[in-house]
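Enquirer:
Residue numbers (the UniProt record's numbering): 1 to 677.
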């Protein structure tokens, strides 16, 4: 799936958003936003007064009509902001639909193939896919290995390997098999597939308000009710004031509505939904599918970040660099044993051991008759080969020591030396006798230390998770600059660490791709699963990285923080810019009754009508002006919460206080120049 940023002024999206803005005038839709619902009711009421004044030739229909028009524009602009945010997601959904090609599937029943429509497949069905075939639905590879083109989903042209067993067995509907043959077991029913969920999410069909968004909505609704009560009481107070002063006039209902709309927080009320939708959109632009807005928001509040060492902090694919035998063992014997133990090991480490034994130590191509490969497991932490007359194991030093019993002290010395240098030692034992150690090198990715420094500046604690021994983990952790590490980690250890952090009141984020990561991904507040991982991992997580890049978690956290910063900044700006409108409208309403209020007319606005009209126009236009900021987000800079608050108050608090004054003054002059008031 292409996730290139679409222009904010994309004509197609703008036209669609204009139509949607009109459709969203439906009161049932606007009622979901209490602030804008009050504005729409005020617009309708002022429109009725405008019609009445036209019919009865009373009042000032030109003024009332203009106020009504700009009140409707206020609602439309808020609807337009939300529609623009949704429109960008719908554009992405349209590109996703292109991957849902109606295709036939080769269903396997009782060993026989039959062609059926892909929509007829159900969970548990087996299908055959060969080179050139589109995979008809999400599933698990039960048999075979194949190269698969996933560019329709990830946007990456490089094919990936999918095979039965292990952590690379998940396939996605709409992707294409490029080579070989696989048998896939469908894991979802029609309409429940990965692409279906992506379409629903990016279109906003499943978007729910986040807890912070709900809390802010309640606060804005409360402020709206307070100002509504205050404005309602102004009418009788105005009658009393006019009678007591013996001069002036009572403000009309239209003026009171204008006052109410300018007092309530319409700016943030109109942009709040757009900010949330745009946050999910920005995550999607990084090829990460967020299952809910809550996940994105939680990413912004994360306190602890769990990162796998291999492939995230380091490049992974550790390479064998050297064979180090213990005294009394020849290098040739260790090299041959290492070679045989890795001959059937298809991991990058295993292949590098075979290559090193052949190229550096001249071990000839050979195989053991009737040999059976023993795969690595998290419990044994060893792998090797068994035959009738020969047994060889390679694995963690502690595991080899448990296997053979007593080992020479030199084995521990060599292992500690490798671990201290940041490498990974793999001990080798032949027929129960320790031979020496394989030195695996792992390289820390460039720039990781700087990224962790930036996270630390944000108050985020980073913890490296690794299966390595503590000495190796410590060396890599120090080189990378992480705050802490968990060595020799098992799935249970990961879960215990997450729960421990959460019990301390912290929010935890982590990445994973295997079935053994699923419990921890489900427990974490932000769990990012790799698209190349297992179905279990993707179902447990609340985000899926389509590029399968574990370092993407750092970008997700930054986007989450940007979402929170944007919402906070625009809320601050919205409340601050109401102050200028007080100085514009209140003197205009009561200056005829209380001439001394002219002192509050610090903007020196031309007349009461131009002052009110200028305030209403500014109140509407500021929403349009802030749409790009709401959609793009406030420029993100790593800093502490205290500094972020200080920056927001300085830029958006002070800016929200000062910007309206010259803007309202300029609008007032234009209104008068055009003879509109």
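Where is the CB? At the ideal position from N, CA and C, for every residue including glycine.
(1) Taking the straight line between their C-alpha atoms, what separation do you get for residue 344 and residue 384?
(2) Verify whether the separation of the beta carbon atoms of residue 479 and residue 422 is less than 8 angstroms.
(3) Can you check whether the CB of residue 231 is closer than 8 angstroms to the CB of residue 256?
(4) Please report the residue range of the beta strand (DSSP E) in which residue 433 lies.
(5) Grab me the residues of residue 79's own chain with a C-beta within less than 6 angstroms of its C-beta, minus the 5 sequence neighbours each way, in chain order.
(6) Quick one: Cα of residue 253 to Cα of residue 613, how far?
(7) For the alpha helix (DSSP H) that contains residue 376, what are its first and last residues?
(8) By alpha-carbon positions, which one of 243, 107, 260, 275 ends up nearest to residue 560?
(9) If contact is defined by three or more beta carbon pairs under 8 angstroms, each pair taking one atom from either stretch, is the stretch 644 to 661 in contact with the stretch 109 to 117?
(10) Please state the DSSP three-state secondary structure of residue 140.
(11) Specify, as a first and last residue, the run of the alpha helix (DSSP H) that residue 730 falls within.
(12) Measure the alpha-carbon distance for residue 462 versus residue 530 and round it to whole angstroms.
(13) Could you pull out every residue in the same chain whose Cβ sits closer than 7 angstroms to the Cβ of residue 636, ignoring the five residues on either side in sequence?
(14) If you draw a straight line from the C-alpha of residue 10 to the C-alpha of residue 18, how long is it?
(15) Name the one or two DSSP bridge partners that residue 186 has.
(16) Excluding the five sequence neighbours on either side, which residues of its own chain have a C-beta within less than 6 angstroms of the C-beta of residue 279, listed in chain order?
(17) Under three-state DSSP, which class holds residue 596?
(18) With DSSP as the reference, label residue 605 as helix, strand or coil.
(19) Judging by CA-CA distance, which residue of 673, 185, 222 is the nearest neighbour of residue 163?
(20) State buried or exposed for residue 644, treating a residue as buried only when at least 16 other CB atoms are found within 10 Å of its CB.
(21) Pull up the DSSP beta-bridge partners for residue 395, would you.
(22) Quick check on the DSSP output: the alpha helix (DSSP H) that includes residue 474 runs from which residue to which?
(23) Could you tell me the distance, in whole angstroms, from the CA atom of residue 534 to the CA atom of residue 329?
(24) To the nearest angstrom, how far is it from the Cα of residue 391 to the Cα of residue 431?
(25) If you follow the alpha helix (DSSP H) that residue 448 is part of, which residue opens it and which one closes it?
(26) Out of curiosity, what's the CA-to-CA distance linking residue 352 and residue 493?
(27) Starting from residue 325, follow its DSSP beta bridges and name the residues at the other end.
(28) Quick check on the burial criterion: 16 or more other C-beta atoms within 10 angstroms. Buried or exposed for residue 662?
(29) Would you tell me roughly how many angstroms separate the C-alpha atoms of residue 604 and residue 300, rounded to the nearest one?
(30) If you draw a straight line from the C-alpha of residue 227 to the C-alpha of residue 121, how long is it?
(31) For residue 313, count the other beta carbons within 10 Å of its own beta carbon; 16 or more makes it buried, fewer makes it exposed. Which is it?
(32) Just how far apart, CA to CA, sit residue 261 and residue 75?
(33) Classify residue 205 as buried or exposed, calling it buried when 16 or more other Cβ atoms lie within 10 Å of its own Cβ.
(34) Once the 5 residues before and after residue 687 are set aside, which same chain residues still bring their CB inside 7 angstroms of it?
(35) Where do the ends of the beta strand (DSSP E) carrying residue 462 lie?
(36) Go ahead and label residue 334 buried or exposed: buried means 16 or more other beta carbons lie within 10 angstroms of its beta carbon, across all protein chains shown.
Expert: In short, the structure shows the following:
(1) Locating residue 344 in the chain shown gives position 344, counting from the first residue. Locating residue 384 in the chain shown gives position 384, counting from the first residue. Each residue's alpha carbon lies about 8 angstroms from the other.
(2) As a position in the chain shown, residue 479 is number 479, starting the count at 1. As a position in the chain shown, residue 422 is number 422, starting the count at 1. Yes, the Cβ-Cβ distance between residue 479 and residue 422 is below 8 angstroms.
(3) What you label residue 256 is simply residue 256 of the chain shown in a count that begins at 1. What you label residue 231 is simply residue 231 of the chain shown in a count that begins at 1. Yes; because the gap between Cβ atoms is below 8 angstroms, this pair is in contact.
(4) Here residue 433 refers to the residue found at position 433 when the chain shown is read from its first residue. 433 to 441 is the span of the beta strand (DSSP E), which, as asked, contains residue 433.
(5) Taking the first residue of the chain shown as position 1, residue 79 is located at position 79. Excluding residues within five positions, the ones whose Cβ falls inside 6 angstroms are 21, 24.
(6) Within the chain shown, the letter at position 253 stands for residue 253. Within the chain shown, the letter at position 613 stands for residue 613. When rounded, the distance between both Cα atoms is 14 angstroms.
(7) As a working mapping, residue 376 is identified with position 376 in the chain shown. First-last for residue 376: undefined, no H or E at that position.
(8) The count along the chain shown starts at 1 and reaches residue 560 at position 560. The residue with the shortest Cα to Cα distance from residue 560 is 275.
(9) no
(10) Your numbering for residue 140 matches position 140 in the chain shown. Correct three-state label for residue 140: strand.
(11) The question about residue 730 has no answer here: the residues shown for the chain are numbered 1 through 677.
(12) For this step, residue 462 is matched to residue 462 along the chain shown. For this step, residue 530 is matched to residue 530 along the chain shown. Each residue's Cα considered, the two are about 20 angstroms apart.
(13) On the chain shown, position 636 is the one that residue 636 refers to. Correct list, in chain order: 558, 561, 562, 565.
(14) If you number the chain shown from 1, residue 10 lands on position 10. If you number the chain shown from 1, residue 18 lands on position 18. About 12 angstroms.
(15) Along the chain shown, read from residue 1 onward, the residue named residue 186 stands at position 186. Note: residue 186 sits in a beta bridge opposite 139.
(16) For the purposes of this step, residue 279 is taken as the residue at position 279 of the chain shown. Counting only Cβ-Cβ distances below 6 angstroms, and skipping sequence neighbours, we find 296, 563.
(17) On the chain shown, residue 596 is found 596 positions in, with the first residue counted as 1. The answer is helix: DSSP assigns residue 596 an H, G or I state.
(18) Here the question's residue 605 lines up with position 605 in the chain shown. Here residue 605 sits in coil by DSSP.
(19) Indexing the chain shown from 1 puts residue 163 at position 163. Answer by Cα proximity: 185.
(20) Indexing the chain shown from 1 puts residue 644 at position 644. It counts as buried.
(21) Position 395 of the chain shown, counting from 1, holds the residue named residue 395. Residue 395 is bridged to 382, 427.
(22) Your numbering for residue 474 matches position 474 in the chain shown. Note, residue 474: alpha helix (DSSP H), 470 to 480.
(23) The residue labelled residue 534 in the question sits at position 534 within the chain shown. The residue labelled residue 329 in the question sits at position 329 within the chain shown. Cα-Cα distance, rounded: 42 angstroms.
(24) Locating residue 391 in the chain shown gives position 391, counting from the first residue. Locating residue 431 in the chain shown gives position 431, counting from the first residue. Roughly 5 angstroms between the two C-alpha positions.
(25) As a first step, residue 448 is located in the chain shown; it is residue number 448 there, counting from the start. Looking at the DSSP string, the run of the alpha helix (DSSP H) that includes residue 448 is 448 to 457.
(26) For the purposes of this step, residue 352 is taken as residue 352 along the chain shown, with counting starting at 1. For the purposes of this step, residue 493 is taken as residue 493 along the chain shown, with counting starting at 1. One C-alpha to the other measures close to 29 angstroms.
(27) Counting from one through the chain shown, the residue named residue 325 turns up at place 325. The partner list for residue 325 (beta bridge, DSSP) reads 436.
(28) Taking the first residue of the chain shown as position 1, residue 662 is located at position 662. Looking at its Cβ environment, which holds fewer than 16 other Cβ atoms inside 10 Å, residue 662 is exposed.
(29) Stepping through the chain shown from its first residue, residue 604 is reached at position 604. Stepping through the chain shown from its first residue, residue 300 is reached at position 300. Computed Cα separation, rounded: 44 angstroms.
(30) For the purposes of this step, residue 227 is taken as residue 227 along the chain shown, with counting starting at 1. For the purposes of this step, residue 121 is taken as residue 121 along the chain shown, with counting starting at 1. When rounded, the distance between both Cα atoms is 57 angstroms.
(31) Stepping through the chain shown from its first residue, residue 313 is reached at position 313. That one is buried.
(32) In the chain shown, residue 261 corresponds to position 261, counting from 1. In the chain shown, residue 75 corresponds to position 75, counting from 1. The straight-line gap from Cα to Cα measures roughly 11 angstroms.
(33) Locating residue 205 in the chain shown gives position 205, counting from the first residue. Note on residue 205: pLDDT 43, under 50, position unreliable in the model; the coordinate value appears next. When all chains shown are included, residue 205 counts as exposed.
(34) The requested residue 687 does not occur in the structure, where the chain is confined to residues 1 to 677.
(35) By one-based count along the chain shown, residue 462 stands at place 462. It spans 461 to 465 - the beta strand (DSSP E) in which residue 462 sits, taken as one unbroken run.
(36) On the chain shown, residue 334 is found 334 positions in, with the first residue counted as 1. Result: buried.
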